[in-house]
Structures are given as C-alpha cells and as structure tokens.
Amino acid sequence: MTRRTFSRLTSGALIVVMTYTPLLGAYTGTVASAQSVPAAATSYKYDLIGNLKEVTDPLGRVTTHTYDSFNRLKQVEQPLTNGARPTIKYGYDGIDQVATVTDPRNLETRYTVDGLGNRNELGSPDTGLTKSTYDAAGNLKTSLDGRGKTNTYFYDALNRLTRIDYTGTISTTFEYDGGATAIANARGKMTLMTDESGYTKYTYGAFGRLATKAQTTTGLGSYTNTHTLAYAYDVDGRLASVTYPSGNRVNYGYNRAGQVTSITLNPVKADGTGTSTENIVLLKNITYAPFGGATGWTWGNSVPANEYAHARTYDLDGRISSYTLGSPSANGVVRTVNYDAASRIKGYTHTGTGTAPSPASLNQTFGYDELNRLTSYNGNGTSQTYAYDASGNRIKAGFGANSYTNTIDPLSNKLSATTGPGPAKTNLYNGAGDLMTGGTHVVTYSGRGRPYRNENGAVTTHQLFNGLDQRVFQTYGGGIFVYDEQGQLVGEYSYLNGKATRDTVYLGNLPVAVLTQTVTGTPPAQSTAINVFHIHPDHLGTPRMITRTLDNKIVWRWDNGDPFGLTPPIEYFSGSGTFTFNLRMPGQYYDRSTNLFHNYHRDYDPQTGRYLQSDPIGLEDGINTYGYVGGNPLSFSDPSGLFAAPGLPPALLPIVGNPGSRAAAATPVGLAAMGGAAVGLGINYAVESYTSGSVGTHAYDLVEKVCKPSNPDCEEIESAIRAQKDLVIGRYYGQMKDRYGQYANPTLKTGTRRGSWVGHQQQFRDAQVKLRKLIVQAKAMNCRVDPDAETWANTPQVEVPAKR
Numbered sequence: 021m022t023r024r025t026f027s028r029l030t031s032g033a034l035i036v037v038m039t040y041t042p043l044l045g046a047y048t049g050t051v052a053s054a055q056s057v058p059a060a061a062t063s064y065k066y067d068l069i070g071n072l073k074e075v076t077d078p079l080g081r082v083t084t085h086t087y088d089s090f091n092r093l094k095q096v097e098q099p100l101t102n103g104a105r106p107t108i109k110y111g112y113d114g115i116d117q118v119a120t121v122t123d124p125r126n127l128e129t130r131y132t133v134d135g136l137g138n139r140n141e142l143g144s145p146d147t148g149l150t151k152s153t154y155d156a157a158g159n160l161k162t163s164l165d166g167r168g169k170t171n172t173y174f175y176d177a178l179n180r181l182t183r184i185d186y187t188g189t190i191s192t193t194f195e196y197d198g199g200a201t202a203i204a205n206a207r208g209k210m211t212l213m214t215d216e217s218g219y220t221k222y223t224y225g226a227f228g229r230l231a232t233k234a235q236t237t238t239g240l241g242s243y244t245n246t247h248t249l250a251y252a253y254d255v256d257g258r259l260a261s262v263t264y265p266s267g268n269r270v271n272y273g274y275n276r277a278g279q280v281t282s283i284t285l286n287p288v289k290a291d292g293t294g295t296s297t298e299n300i301v302l303l304k305n306i307t308y309a310p311f312g313g314a315t316g317w318t319w320g321n322s323v324p325a326n327e328y329a330h331a332r333t334y335d336l337d338g339r340i341s342s343y344t345l346g347s348p349s350a351n352g353v354v355r356t357v358n359y360d361a362a363s364r365i366k367g368y369t370h371t372g373t374g375t376a377p378s379p380a381s382l383n384q385t386f387g388y389d390e391l392n393r394l395t396s397y398n399g400n401g402t403s404q405t406y407a408y409d410a411s412g413n414r415i416k417a418g419f420g421a422n423s424y425t426n427t428i429d430p431l432s433n434k435l436s437a438t439t440g441p442g443p444a445k446t447n448l449y450n451g452a453g454d455l456m457t458g459g460t461h462v463v464t465y466s467g468r469g470r471p472y473r474n475e476n477g478a479v480t481t482h483q484l485f486n487g488l489d490q491r492v493f494q495t496y497g498g499g500i501f502v503y504d505e506q507g508q509l510v511g512e513y514s515y516l517n518g519k520a521t522r523d524t525v526y527l528g529n530l531p532v533a534v535l536t537q538t539v540t541g542t543p544p545a546q547s548t549a550i551n552v553f554h555i556h557p558d559h560l561g562t563p564r565m566i567t568r569t570l571d572n573k574i575v576w577r578w579d580n581g582d583p584f585g586l587t588p589p590i591e592y593f594s595g596s597g598t599f600t601f602n603l604r605m606p607g608q609y610y611d612r613s614t615n616l617f618h619n620y621h622r623d624y625d626p627q628t629g630r631y632l633q634s635d636p637i638g639l640e641d642g643i644n645t646y647g648y649v650g651g652n653p654l655s656f657s658d659p660s661g662l663f664a665a666p667g668l669p670p671a672l673l674p675i676v677g678n679p680g681s682r683a684a685a686a687t688p689v690g691l692a693a694m695g696g697a698a699v700g701l702g703i704n705y706a707v708e709s710y711t712s713g714s715v716g717t718h719a720y721d722l723v724e725k726v727c728k729p730s731n732p733d734c735e736e737i738e739s740a741i742r743a744q745k746d747l748v749i750g751r752y753y754g755q756m757k758d759r760y761g762q763y764a765n766p767t768l769k770t771g772t773r774r775g776s777w778v779g780h781q782q783q784f785r786d787a788q789v790k791l792r793k794l795i796v797q798a799k800a801m802n803c804r805v806d807p808d809a810e811t812w813a814n815t816p817q818v819e820v821p822a823k824r
C-alpha cells in the first residue's frame, strides 16, 4: 500500500508530493505543479529503526549512510566519482561523543571530549593539536593552538565574555551595561569593546535598540580617527535610517508587510559637515515574489521617457531564472540562468542590444563532477578546467591550452606547491595551518591568529582587526573600514585624515549603490558633491556591473569573470576614466597588494580557488577545511569565510543586531530568520558564537557547543524550535505594536478573536514555556540549538508598547 501526502509552498505554485511505501521504507519527494514543470525527484530510504539509509538525487546519484549497532552514523559513502565512492567515517567514544572523523583520503581528525561535552583536545591533520580547558560553568577558559600560542578567556558573574588575553598581542575586552555606572537602556548589552585597533562604543535608545556605534581606530599608533554609524527607527520599530560616518544618511521606506519598498539618500552637506535635507532617490517601487525574494525595482534616476529598472524572475522551483545587468540602452544585458535537474547552474545566456561586447560573447557554460564540484568553464573567449582529489582539493587546473598541477601534502589538505598560472611556488604553513610563505608572498600572524603583516615583493601591508574579527585598518591601498551589524562593509575612509573614500548601500544583503565624494577647496570654503553609482548584483549578490546616474553608462563591469574570481573586472571605460571598486563575491574585498580577496575570517586566493587558512570552525562546513564553498562558487557564497551559504536569503531587509541579544530587538517579525548568513554576523554572533579575536585557535571550541554532530533525528525538533521561536517573536511584536490599543485597558477584550492585553501576555509566556521545553528536548538529543531561540525563550514580556 502506498500513502501520498501533499504540501503547498508559500508561493502557491509548487506542490511537493511525498510518496511512502511502508514495506520498502522509502520516501520519494517530487516537485509537481498545475503548470508544466519538469519533475525533479529525490528519494529517501530508511532502515527499520528509522535511520536515513540512502538518498538518490534527481540525477540518480546515490549517497549511502551506514550505522553501527547503537544507531550511530558510522560512514557516509558519496556518489561514485572517478571510479570510487569517497567515504567519510566516524568513530565514537564510550559516551557516544564523536571521537574520530576520517576523510576520503584516510586523514583522521581526533576529538577528546569530557563527560560534560567539552572538547579538551582536537588533533587535526590541518591545524595540529589544539588543547582547551573550561571553567566550572562550561565556559572556554584557555585554548592552546598548533603554534603553541595560548588564549585566555575571562567572564563576569553572568558568564559574559569580558576579556581575551593573547600571546604577544593586545588583549580584547568587552564591557556591558555601561560599565561601572549602569545605563538603563544598555542593561544586558555591550557598550564598549577595546582591541588592537582601538575601541568601539555603543549607545542605545529608549527601547534598548542600537542607536550609535562609534569606532575609534588608532592606526598603529600614528593616526587616530573616529567613525560613527547612527541608527534611527520608525514607530513600528523598523530601521528607518542609517547615517554613515561620511554624513550620508540612507533612509528606508516600507509597505504594510514590512518589506522595504524604497531607499533614499540625504547626502552630506556641501561644506562636508552634517547631513543635508536634499532627498535623492536611490531605489523605488521595490517588489517581491510571494515567497519573499525581490523581483525588481526602479532606479532613482529613472524617468517616464526612459524607464530604468532592475528586474529578476524566478522559476517555479523558486530559483532566480533571469536578471538585468545595466541599462538596455547603454550596453546592458539580461542574463538568463540555466539549471540541470539537480539545480546546478549549467550556463548563462545573455540578450541585449550592445555591441562592445556583444551579449552573445558573454555567454558561459559550466560542467560538474558527481559531487557537484565545478570541473569546466567556457566563456569570455577562453576555457578553464579543474580536477579534484577525493577530499575536494584542486589537483589540476587548465587555463586555455595550458595545464597546471597542484601538489597536496599527503598528510593534510595543505597546498604544498603549484606550477602556476603565474610563477610556480612552494608554500610553507605554520602549526595552526595558516599559509606563511607562498612564492614572494610572506604572511606574519599575530598571537590571536590574524595576518597583521603581508609582504609581496617590495610591498608591505599592515592590518588591524577589532574584537569582532573585522579588519578595520590596512595600509597601502586600504584605509579604515566600517561595517554594519551584519558584518557588511558600508564605509571606506582614509587612515591619513579619516575622510570618506566610498560608501556602499545595501538592500538587505544586495549591494545596490556606491557613493563617492568630489571635494573642492578647503574649509571653510570647501564644497562637497556626492556622486551616486548603481551596483547591479547577480543571483548570489556579487557585484557584476556599476553604472553612473548621469547617463546609465557602465563604469565598471565583472559580468565576464570566471566562477572562482580570477579574471579581474574592467575598471576603465573611455569617457569615464578609471573606477575603483573592490567588493568581489559576498563578504570579499580585493587586496591589490596581494591579489587576494579578504573574506572576513580568512583570505581567499582566486587563482587556486581555496583559502590560505584552515576553517576556524573545523569540519562543520565540510571535510576540506581549505576549500571554497565545496568547489561550487556558482550556487554558493561564503560571506563570513566560515561556511557556505546557498544563494541569496529569501528576504532583502535591513536588520540591526543589538550587542546584548542575537535576536535583533528592532527587527520585525520573522526578519531575523529570513536574513540569511549575514544576520549572524552582528555583534553577538562574534562574541557569543565565536568569541572573536582569535580565529584559528578557539572558534571551533565554541561552535562545537552549538553545532553538534549531524543527527538525522534532529531535523524534526530543530524545525519545531524554529516554528515556535517565530510564534514567540510574533506575539512579542504584536504587543509592541498594540494595533488595537489594548494596553490602555489591559483587561478589556476588543473583539472575540483579539483577546486582551493581559491575555496576550499570558499567551506570550505560554509560547515561551513550550519553546523552552523543545530546547531542553533538543539538548537531551544532542541536537543543535539556535542561540536566538534561547534568547527569545527568556525574553521578558512586553510591559509597555512602542510609542506611536
């Protein structure tokens, strides 16, 4: 007998058909629709205990799971590739903790975990031996890395991290509540952070929402500059504006669903001080698909006679199927994305009226192996090929008619040597798995594990990082960098005088505008003019084209680049001069002194398609700690330099994370859950999850406490926790808005279905109780627990609604 269940997704167009055959113990999932859609089925088989046994994807590739007599995952056999099935094996200790992980090359990672779940030792082929100790409350106390460097951690009575001491490096400190003299609005929140770069101060408004962040950068003791971000909110608690250190203010308008529908700019005053009242429209008429993705917008310089808009279309699987790059009247194109049955991008085709280059010359095709790793690229009049070993290390690369070989250390995943392209080079790593020398490139790391000095031939660059592991200072072609609370770079400034170089404006995680300044004269006769340029991002959020507002002509384009980012953008156009813009793939910044992409927690090399440093979170993002997004940069990005993120998040909304709570108190219902990877890069993401400031030595220790080993049984309870958390958030903001004025008469019911103020408070508390029970159950099952869920499970009820 066969049972069938049907689920309709929020878009209303998709139907997921799940077929279950009891005797075979197998589920088959098929995407169907009333419209004509190719069926893409993935089947799942389970054993009699309910363990996931086999997965067959739409291309017929099989992944097999094997369990021991205690129902613990023993090994995973991946699809047949190059005549073999790469296999990952797991070993356990006497209390069911993961003790060993063996990769397909037979390299073993060892864990020693005590009875409280604290990982005391990590033996990695990539990062050496890491030893950790913990205090009585389970907080990480010391961490000794593979270089022999020790970090020591200190906490207050509430177990909040207050200081990190490093070997030979300035300590990082965190102050809460306003310090010795507590500030009411700042209770439970971080108010001061000091580190090697200087210090950062945070202030909060009446509702505990982040109001200002003032970053003071000392610049190796030679320069001191302070740059302040200021946040303002509307009556519904939504982010209304962000004032950049340059004086530019970016404003957000919303529809009734809480989605951003317009972005405007109040530029800095002509004399360079303060913000003017002039209003410049950057984006308007922003529209969304039913499932949340943006379908397009009108650019601010559009006029009825010459409509200028950005458009995105989605197929019935919710994938972006096309988007515009530039203006059709100024050499722009429409890119169409083609997928195979496994949702891998097989090619790009382009249409338009341009001639230099022609749209057809921008077309690209791609090939993959059985593990979804990119193996070929054809486009821009050239071709590239890639080959991998069983663990995903690139071992060969072809660029046109030339072929190059990468030598991987047989005892680790480190790249020992490469024959090119460019000069052949031999690499040397330190004990923690960080690249120290590669050809003419020499990197020196601080005690906290960050690269503070880069030498590339005759050029030497120094860098400083704040307590959130954000690079805020760089000499030679760099400057001072300011980030928003999602870790996105919003401002670049001269370290010599602190003046603005460029500001970047985002729609959620999409870069959509860059602002530069033209300054003439000197104070008090100074004149400052703002230049607005439009950024055209691709399906991942990578900038592919920049146009000027004067005539929509292209001033910068990267739409003909190869998938791994080696091909440089075109920065010079006749009549426009040279336009410099250094953002690359999400979270990356091009360093001209090294030709590397700084990628938040690590540095990425587009030539080899891999990182220079091992992943700070260890094996949590895959078996290869140096690989970039599993070898598939067309479908994934890595904004944090820690883990791959699939495409763009479904919602494109500005989110501000408060230092005292990973749940953004100013965020509308559900936005934190829809903000994707970038939401986690706010202040407490670094402080609570990674503790920041010593990546490569202790980040994995802390992530391990949140990211437990994979367990198929965890999916259901994790889903239940997410749903219950959303319910708690919804009830919280429902009372914050108090749409029906129930607070004025707490016991009066305003309708049979609306309840009363005190009744809604009780419903909020009841929802929290259920959420706490689910969290306890998840921990007992050794499943992952979202820190946001724990925060909302213990958030005080609303006593007074927001002012209108």
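First residue of the sequence shown: 21, per the numbering used here; consecutive thereafter.
Glycine residues also receive a C-beta, built at the ideal position from the N, C-alpha and C atoms.
Residue i classed as buried or exposed, judged by whether at least 16 other C-beta atoms fall within 10 angstroms
{"i": "Pro324", "result": "exposed"}
{"i": "Tyr110", "result": "buried"}
{"i": "Ala533", "result": "buried"}
{"i": "Gly374", "result": "buried"}
{"i": "Pro816", "result": "exposed"}
{"i": "Asp197", "result": "buried"}
{"i": "Ala200", "result": "exposed"}
{"i": "Phe90", "result": "exposed"}
{"i": "Pro124", "result": "buried"}
Closest residue to residue i among the options (Cα-Cα distance)
{"i": "Asp5", "options": "Pro124, Leu639, Thr132", "result": "Residue coverage of the chain in this structure runs from 21 to 824, which leaves residue 5 outside it and unanswerable."}
{"i": "Leu249", "options": "Leu240, Val270, Ser242", "result": "Val270"}
{"i": "Ser423", "options": "Phe501, Ala410, Ser396", "result": "Ser396"}
{"i": "Thr170", "options": "Ser152, Thr600, Leu509", "result": "Ser152"}
{"i": "Gln633", "options": "Trp812, Leu68, Gly166", "result": "Gly166"}
{"i": "Asp409", "options": "Ile643, Asp176, Met756", "result": "Ile643"}
{"i": "Pro377", "options": "Phe593, Pro659, Tyr64", "result": "Phe593"}
{"i": "Ala665", "options": "Glu505, Met565, Asn529, His330", "result": "Asn529"}
{"i": "Ala260", "options": "Gly387, Gly278, Gly352, Asp116", "result": "Gly278"}
{"i": "Gly294", "options": "Gly267, Asn305, Leu302, Asn286", "result": "Gly267"}
{"i": "Ile749", "options": "Gln783, Ile737, Asn765, Cys734", "result": "Gln783"}
{"i": "Gly188", "options": "Gly168, Leu68, Ala204", "result": "Gly168"}
Nonlocal neighbours in the same chain, by C-beta distance under 6 Å from residue i, ignoring five residues either side
{"i": "Phe7", "result": "In the structure as shown, the chain begins at 21 and stops at 824. Residue 7 is therefore absent and cannot be evaluated."}
{"i": "Ala157", "result": "Asn179"}
{"i": "Ala417", "result": "Tyr406, Tyr424"}
{"i": "Gly700", "result": "Below a pLDDT of 50, predicted positions are generally treated as unreliable, and Gly700, at 26, falls in that range; no measurement from the model is reported."}
Residue i versus residue j: straight-line alpha-carbon distance, rounded
{"i": "Thr460", "j": "Arg468", "result": "24 Å"}
{"i": "Gly581", "j": "Asp641", "result": "26 Å"}
{"i": "Phe194", "j": "Leu484", "result": "17 Å"}
{"i": "Tyr496", "j": "Asp489", "result": "20 Å"}
{"i": "Leu794", "j": "Pro821", "result": "28 Å"}
{"i": "Ser613", "j": "Ala437", "result": "21 Å"}
{"i": "Pro430", "j": "Leu127", "result": "9 Å"}
{"i": "Asn704", "j": "Asn351", "result": "In this predicted model, Asn704 has a pLDDT of only 32, less than 50, meaning its place in the structure is not dependable enough to derive any value."}
{"i": "Thr214", "j": "Ala421", "result": "52 Å"}
{"i": "Ser363", "j": "Ala234", "result": "44 Å"}
{"i": "Thr385", "j": "Phe311", "result": "29 Å"}
Whole-number beta carbon distance between residue j and residue i, since they are thought to touch under 8 Å
{"i": "Thr645", "j": "Asp146", "result": "5 Å"}
{"i": "Pro563", "j": "Pro531", "result": "6 Å"}
{"i": "Thr120", "j": "Arg130", "result": "5 Å"}
{"i": "Gly440", "j": "Asn447", "result": "Not confirmed; about 14 Å, so no contact."}
{"i": "Asn305", "j": "Thr318", "result": "4 Å"}
{"i": "Val492", "j": "Glu475", "result": "That belief does not hold up - the Cβ atoms of Val492 and Glu475 are roughly 21 Å apart, past 8 Å."}
Own chain partners of residue i with C-beta closer than 7 Å, once the 5 adjacent residues on each side are dropped
{"i": "Leu586", "result": "Pro626, Gln627"}
{"i": "Thr536", "result": "Arg522, Asn551"}
{"i": "Ser191", "result": "Arg183, Ile184, Asp185"}
{"i": "Val575", "result": "Phe553, Ile566, Thr567, Arg568, Phe593, Ser596, Phe599"}
{"i": "Asp134", "result": "Asn140"}
Distance cut-off 7 Å: residue i Cβ against heavy atoms of the ligand MG
{"i": "Arg92", "result": "This structure does not include the ligand MG; it has no bound ligands of any sort."}
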